[in-house]
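Chemist:
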Amino acid sequence: MADRASGRGRATKAGVDRLLRGVGVSSGIAIGPAHVVDAGALLAPEYAIPEDGLEAEVQRFATAADKARRQVRKLKTKSSALPDSAAEEIGILLDAHFAMLSGSRLMRGVEKRIRQDKLNAEAAVQAEITSIAQSFADMEDAYLAARVADVREVGQRLLRNLMQHKYQAFSFLPEGCIVLAEDLSPADTALMDPRRIGGFATMLGGPEGHTAIMARSLGLPAVLGTLGLLQGVQNGDTVVVDGIAGQVCVNPSPDVLDGYRRRRAELLAERAQLKTLRKLPAITRDGTAVTLNANLELPRELDGALDVGASGVGLLRTEFLFMNREDLPDEDEQTEILTRIVASMDGKPVTARTLDIGGEKIATALRGYFSEPTNPALGLRAIRLSLKEPKLLETQLAAMLRAGAHGNLRILLPMISSVAEVRRVREIMATVVRRLRRRGVKIAHPLPKLGIMIEIPGAALSADGLAPFCDFFAIGTNDLIQYTLAIDRGDEQVADLYDPLHPAVLRLVQFTTEAALRARIPVSICGEMAGDPRYTALLLGLGIRELSMAPNNLPVVKRRLRGLDLVEATRRARTIMDQTDQGRIAALLDDFNDAAV
Ligand code: PEP
Ligand code: MG
Numbered sequence: 002m003a004d005r006a007s008g009r010g011r012a013t014k015a016g017v018d019r020l021l022r023g024v025g026v027s028s029g030i031a032i033g034p035a036h037v038v039d040a041g042a043l044l045a046p047e048y049a050i051p052e053d054g055l056e057a058e059v060q061r062f063a064t065a066a067d068k069a070r071r072q073v074r075k076l077k078t079k080s081s082a083l084p085d086s087a088a089e090e091i092g093i094l095l096d097a098h099f100a101m102l103s104g105s106r107l108m109r110g111v112e113k114r115i116r117q118d119k120l121n122a123e124a125a126v127q128a129e130i131t132s133i134a135q136s137f138a139d140m141e142d143a144y145l146a147a148r149v150a151d152v153r154e155v156g157q158r159l160l161r162n163l164m165q166h167k168y169q170a171f172s173f174l175p176e177g178c179i180v181l182a183e184d185l186s187p188a189d190t191a192l193m194d195p196r197r198i199g200g201f202a203t204m205l206g207g208p209e210g211h212t213a214i215m216a217r218s219l220g221l222p223a224v225l226g227t228l229g230l231l232q233g234v235q236n237g238d239t240v241v242v243d244g245i246a247g248q249v250c251v252n253p254s255p256d257v258l259d260g261y262r263r264r265r266a267e268l269l270a271e272r273a274q275l276k277t278l279r280k281l282p283a284i285t286r287d288g289t290a291v292t293l294n295a296n297l298e299l300p301r302e303l304d305g306a307l308d309v310g311a312s313g314v315g316l317l318r319t320e321f322l323f324m325n326r327e328d329l330p331d332e333d334e335q336t337e338i339l340t341r342i343v344a345s346m347d348g349k350p351v352t353a354r355t356l357d358i359g360g361e362k363i364a365t366a367l368r369g370y371f372s373e374p375t376n377p378a379l380g381l382r383a384i385r386l387s388l389k390e391p392k393l394l395e396t397q398l399a400a401m402l403r404a405g406a407h408g409n410l411r412i413l414l415p416m417i418s419s420v421a422e423v424r425r426v427r428e429i430m431a432t433v434v435r436r437l438r439r440r441g442v443k444i445a446h447p448l449p450k451l452g453i454m455i456e457i458p459g460a461a462l463s464a465d466g467l468a469p470f471c472d473f474f475a476i477g478t479n480d481l482i483q484y485t486l487a488i489d490r491g492d493e494q495v496a497d498l499y500d501p502l503h504p505a506v507l508r509l510v511q512f513t514t515e516a517a518l519r520a521r522i523p524v525s526i527c528g529e530m531a532g533d534p535r536y537t538a539l540l541l542g543l544g545i546r547e548l549s550m551a552p553n554n555l556p557v558v559k560r561r562l563r564g565l566d567l568v569e570a571t572r573r574a575r576t577i578m579d580q581t582d583q584g585r586i587a588a589l590l591d592d593f594n595d596a597a598v
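If you read the sequence shown in my numbering, its first letter stands for residue 2, the second for the next number, and so on.
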């Protein structure tokens, strides 16, 4: 596919600089050599399958093939937005891939090898590709020889799906390189060390998915949903990822590169300037204090949170401790990690959320707990998994109770939809407490506060009923928007419909906030809305006084709130809540923000 260049290109002395458009999800500009993920072939493991395991192995292969067909279909939809000739050419290629994945010689051959040779699916795919490639080569036909590359590409896709796209070895990449990939999971992204990786870009993925959130947390410039990204780019090509403009530039000409370098220097200077806000209080112009907390995924992000002067950790996504490993972290390991975080925060609150695995957040070690869901976002996810597999929850609660003895820890439950779920968790927690006491283990005293995420519209609508059973609410706007507007937060095709300012979303936030205030329990926002200064005035105007966000966003939000008058913001929020049109709401909010100093 080397010459299927697309996007807007223009010839320069240095070659062709290609400007590709995507969705900028994490601000900043990164410049560096390209590293194309999946450029290398995967090595298939080989082992024998016992007679009584053959049907399950065939089924595993069928699931991988289903996933591959879905991926190819998604890529085809995406590529239809390319300029005409490129769309046609790539469309033909993807149709051929789709055909190979549906009742073809490849598929029949793999199934036969699993059944007859009792081979595992990966080895069967590898053997069948080799055999097809050999028979094409024997025909000495140039057209068929070219098809071999397609068969191999389809085979690699099947292998990746079978092998669950195992942990990317980003640590071996040259310093400052830019990772380019068809898609990256949140778990892949968690492996990127910002001291080594400059930034990344993918063809798929939307702005509110966890890959995007992870990029923001790590402070890595990133562009997702980039049209035509992998066509004609080679390892080592110079690439610019502009996470603000949502653009990727491949092999920029010297003058274009200079422009990016200047802009990058300006951004870094601005960031350094914002650091001076660290010691200033988070207080509005008219004197109301606001709590600004940090969201953490990985323990190594803790320094960033301390650096920007966060008042605490408003959301610790513990699921990332379960990713990129074959085994599950046991109680001692979880206790040790949580204790380190709690102790480092030195008395400031740490809100540890129980597992939110499922949906797009996948952990290999938990693979056995799920069957392939038709609709992952609506399936076995978060608290639903924890209550179905109480051992997971018991271990987490035990670790949290133990870590709570070393500081200020709060427990947060994700995806709660009913009072019954909260009651059940409280019962399980009581059992765990008794068990730990019997073991003579030191636990938090008093017991940690237990709060819930309000991120399902049903929970928001029954917030007044849930409040008496909870010690606090944390509004998860990411999922609240996804479920209220029926928009997959990780799908770039509908990214433009994902609107935090939709009146339905704002009403749910307002209703939840008022329910919490009436019940006299704290309420915070820890979705991505909290970290965007565009929304600060509105959220404060609705009564929110606690926001939790990626540490990198904290200084800009602090700057915004220090410049705003809360009485004015409340008045503007009231006007906004009378509106039914998103455009009008956006205009009213932007006017208010523009008028700020
Ligand atoms: C949310 O849904 O807003 C949230 C904070 O949870 P997550 O992004 O981890 O789903
Ligand atoms: Mg959520």
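Glycine included, each C-beta is placed from N, C-alpha and C at the ideal position.
Smallest Cα separation from residue 310: which of 282, 327, 301?
Modeler: As a position in the sequence shown, residue 310 is number 309, starting the count at 1. For the residues 282, 327, 301, the minimum Cα distance to residue 310 belongs to 282.
Chemist: Can you tell me which of the three DSSP states residue 239 falls into?
Modeler: In the sequence shown, residue 239 corresponds to position 238, counting from 1. In this structure, residue 239 counts as strand in the three-state DSSP scheme.
Chemist: Hey, would you say the C-beta of residue 595 is under 7 angstroms away from at least one heavy atom of ligand 2?
Modeler: The residue given as residue 595 occupies position 594 in the sequence shown. Relative to ligand 2, even the nearest heavy atom lies 7 angstroms or more away from the CB of residue 595.
Chemist: Within the chosen definition, does the region 230-241 reach the region 45-64 through at least 3 CB pairs nearer than 8 angstroms?
Modeler: Touching, no, given that fewer than three Cβ pairs across the two stretches are closer than 8 angstroms.
Chemist: What would DSSP say about residue 285, mapped onto helix, strand or coil?
Modeler: As a working note, residue 285 is residue 284 in the sequence shown. Correct three-state label for residue 285: coil.
Chemist: Is the region 90-108 close to the region 61-73, with three or more CB pairs under 8 angstroms?
Modeler: Cβ pair count under 8 angstroms is three or more, so yes.
Chemist: Cα-Cα, which of 354, 394, 379 is closest to residue 329?
Modeler: Residue numbering aside, residue 329 sits at position 328 when the sequence shown is read from its first letter. Looking at the Cα atoms, 394 is the closest of the given residues.
Chemist: Does the structure place the region 24-32 close enough to the region 251-265 that three or more beta carbon pairs sit under 8 angstroms?
Modeler: yes
Chemist: Take the Cβ of residue 552 as the centre, count every other Cβ of all protein chains shown within 10 Å, and call the residue buried at 16 or more, exposed below.
Modeler: Position 551 of the sequence shown, counted from the start, is the residue given in the question as residue 552. The residue in question, residue 552, is buried, as its Cβ has 16 or more Cβ neighbours within 10 Å.
Chemist: Is it right to say residue 249 is buried, meaning 16 or more other beta carbons lie within 10 angstroms of its own, or is it exposed?
Modeler: Residue numbering aside, residue 249 sits at position 248 when the sequence shown is read from its first letter. Residue 249 is buried by the Cβ-count criterion.
Chemist: Give the secondary structure of residue 177 by DSSP, where H, G and I count as helix, E and B as strand, and everything else as coil.
Modeler: Taking the sequence shown and counting its residues from 1, the one referred to as residue 177 is at position 176. It is coil, neither helix nor strand.
Chemist: Do residue 399 and residue 332 count as a contact pair if the criterion is CB distance below 8 angstroms?
Modeler: Working through the sequence shown from its first residue, we reach residue 332 at position 331. Working through the sequence shown from its first residue, we reach residue 399 at position 398. Their beta carbons are under 8 angstroms apart, which means residue 332 touches residue 399 by this criterion.
Chemist: Could you pull out every unbroken alpha helix (DSSP H) segment of at least 4 residues lying fully inside the region 450-519, listed in chain order?
Modeler: Here the runs fully enclosed are 458-462, 464-467, 478-486.
Chemist: Within 10 angstroms of the Cβ of residue 243, are there 16 or more other Cβ atoms? Answer buried if so, exposed if not.
Modeler: For the purposes of this step, residue 243 is taken as the residue at position 242 of the sequence shown. The residue in question, residue 243, is buried, as its Cβ has 16 or more Cβ neighbours within 10 Å.
Chemist: In the structure shown, what three-state DSSP assignment does residue 78 receive?
Modeler: Indexing the sequence shown from 1 puts residue 78 at position 77. The answer is helix: DSSP assigns residue 78 an H, G or I state.
Chemist: What residues does ligand 2 have around it, judged by CB closer than 5 angstroms to any heavy atom, in chain order?
Modeler: 456, 477, 480
Chemist: According to the neighbour-count rule (16 or more other Cβ atoms, all chains shown, within 10 Å of its Cβ), is residue 493 buried or exposed?
Modeler: Working through the sequence shown from its first residue, we reach residue 493 at position 492. That one is buried.
Chemist: Just confirm the distance between the C-beta atoms of residue 315 and residue 352, as a whole number of angstroms; I'd bet it's less than 8 angstroms.
Modeler: On the sequence shown, position 314 is the one that residue 315 refers to. On the sequence shown, position 351 is the one that residue 352 refers to. Rounded, the Cβ-Cβ distance is 5 angstroms, consistent with contact.
Chemist: When the Cα atoms are used, what is the spatial distance from residue 441 to residue 435?
Modeler: Walking along the sequence shown from the start, residue 441 turns up at place 440. Walking along the sequence shown from the start, residue 435 turns up at place 434. For residue 441 and residue 435, the distance between alpha carbons rounds to 10 angstroms.
Chemist: What did DSSP end up calling residue 576 once you bin it into helix, strand or coil?
Modeler: By 1-based counting over the sequence shown, the position of residue 576 is 575. Note: residue 576 maps to helix in three-state DSSP.
Chemist: Thinking C-alpha only, which one of 540, 583, 396 is nearest residue 569?
Modeler: Here residue 569 refers to the residue found at position 568 when the sequence shown is read from its first residue. Selected option, being the one with the closest Cα: 540.
Chemist: Please classify residue 297: does DSSP put it in a helix, a strand, or coil?
Modeler: On the sequence shown, residue 297 is found 296 positions in, with the first residue counted as 1. DSSP places residue 297 in strand when its eight states are reduced to three.
Chemist: Less than 7 angstroms separating the Cβ of residue 527 from some heavy atom of ligand 1?
Modeler: Taking the first residue of the sequence shown as position 1, residue 527 is located at position 526. Yes, the beta carbon of residue 527 sits closer than 7 angstroms to at least one heavy atom of ligand 1.
Chemist: Beta strand (DSSP E) containing residue 412: first to last residue?
Modeler: Counting from 1 along the sequence shown, the entry for residue 412 is found at position 411. For residue 412, the enclosing beta strand (DSSP E) covers residues 410-414.
Chemist: Do residue 25 and residue 247 come within 8 angstroms of each other at the CB atom, strictly closer than that value?
Modeler: Residue 247 sits at position 246 when you count from the first residue of the sequence shown. Residue 25 sits at position 24 when you count from the first residue of the sequence shown. Going by C-beta atoms, residue 247 is nearer than 8 angstroms to residue 25.
Chemist: Within its chain, find whatever has a CB closer than 8 angstroms to the CB of residue 81; leave out the 5 residues flanking it on each side and keep chain order.
Modeler: Stepping through the sequence shown from its first residue, residue 81 is reached at position 80. Answer for residue 81: 88, 92, listed in chain order.
Chemist: Below 8 angstroms CB to CB, which residues in the same chain sit around residue 462 once its five sequence neighbours on both sides are set aside?
Modeler: Stepping through the sequence shown from its first residue, residue 462 is reached at position 461. Only 509, 512 meet the Cβ criterion.
Chemist: Quick check: is any heavy atom of ligand 1 less than 7 angstroms from the C-beta of residue 357?
Modeler: Within the sequence shown, the letter at position 356 stands for residue 357. For ligand 1, at least one heavy atom lies less than 7 angstroms from the Cβ of residue 357.
Chemist: Could you please give the first and the last residue of the uninterrupted beta strand (DSSP E) stretch that includes residue 117?
Modeler: If you number the sequence shown from 1, residue 117 lands on position 116. No beta strand (DSSP E) holds residue 117; the alpha helix (DSSP H) holding it covers 106-118.
Chemist: Just confirm the distance between the C-beta atoms of residue 485 and residue 415, as a whole number of angstroms; I'd bet it's less than 8 angstroms.
Modeler: In the sequence shown, counting from the first residue as 1, residue 485 sits at position 484. In the sequence shown, counting from the first residue as 1, residue 415 sits at position 414. Residue 485 to residue 415, Cβ: 17 angstroms. No contact.
Chemist: Nearest to residue 192 by CA position, among 298, 274, 532, 153, is which residue?
Modeler: For the purposes of this step, residue 192 is identified with residue 191 of the sequence shown, where counting begins at 1. Scanning 298, 274, 532, 153 for the CA closest to the CA of residue 192 turns up 298.
Chemist: Which residues mark the beginning and the end of the alpha helix (DSSP H) in which residue 433 is found?
Modeler: Indexing the sequence shown from 1 puts residue 433 at position 432. Per DSSP, residue 433 is one residue of the alpha helix (DSSP H) stretching across 420-439.
Chemist: Rounding to the nearest angstrom, what Cα-Cα distance links residue 564 and residue 286 in this structure?
Modeler: Position 563 of the sequence shown, counting from 1, holds the residue named residue 564. Position 285 of the sequence shown, counting from 1, holds the residue named residue 286. Their Cα atoms are separated by approximately 6 angstroms.
Chemist: When the Cα atoms are used, what is the spatial distance from residue 388 to residue 58?
Modeler: Translated into positions along the sequence shown, residue 388 becomes position 387. Translated into positions along the sequence shown, residue 58 becomes position 57. In a straight line, the C-alpha of residue 388 is about 29 angstroms away from that of residue 58.
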